[in-house]
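Asks: Residue numbers (this note's numbering): 877 to 967.
Glycine included, C-beta positions come from ideal geometry on N, C-alpha and C.
1. Enumerated in chain order, which unbroken segments of the beta strand (DSSP E) with a length of 3 residues or greater are wholly contained in the segment 894-952?
2. Have a look at the DSSP bridge pairing and note the partners of residue 891.
3. For residue 954, does the three-state DSSP call read helix, strand or coil?
4. From residue 918 to residue 927, what does the alpha carbon distance come to, in whole angstroms?
5. Can you find the residues in the same chain that come closer than 6 angstroms, C-beta to C-beta, to residue 913, ignoring five residues on each side of it along the sequence?
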């Protein structure tokens, strides 16, 4: 995993899950119709703030809002960086 990026304070780096390419009934979804994934894996976690300890840990699978976070590209991979309070829950 060797990510050379350490988020500050209550920020979390998440690797989004791959978007669905096929429906449950077997139809293929074109790229233009794919929805942004709303779950992913936590890659790096900041230390938290004085008032707030971090709940999520590296390796957790999390669910987040559709428009949460800021897109980030590191080492050729896409990531999202967001505050912990933008995470809706741990799966």
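Replies: Let's see:
1. 915-921, 937-940, 946-950
2. DSSP lists 917 as partners of residue 891.
3. strand
4. 22 angstroms
5. Excluding sequence neighbours, residue 913 sits near 892, 893, 895.
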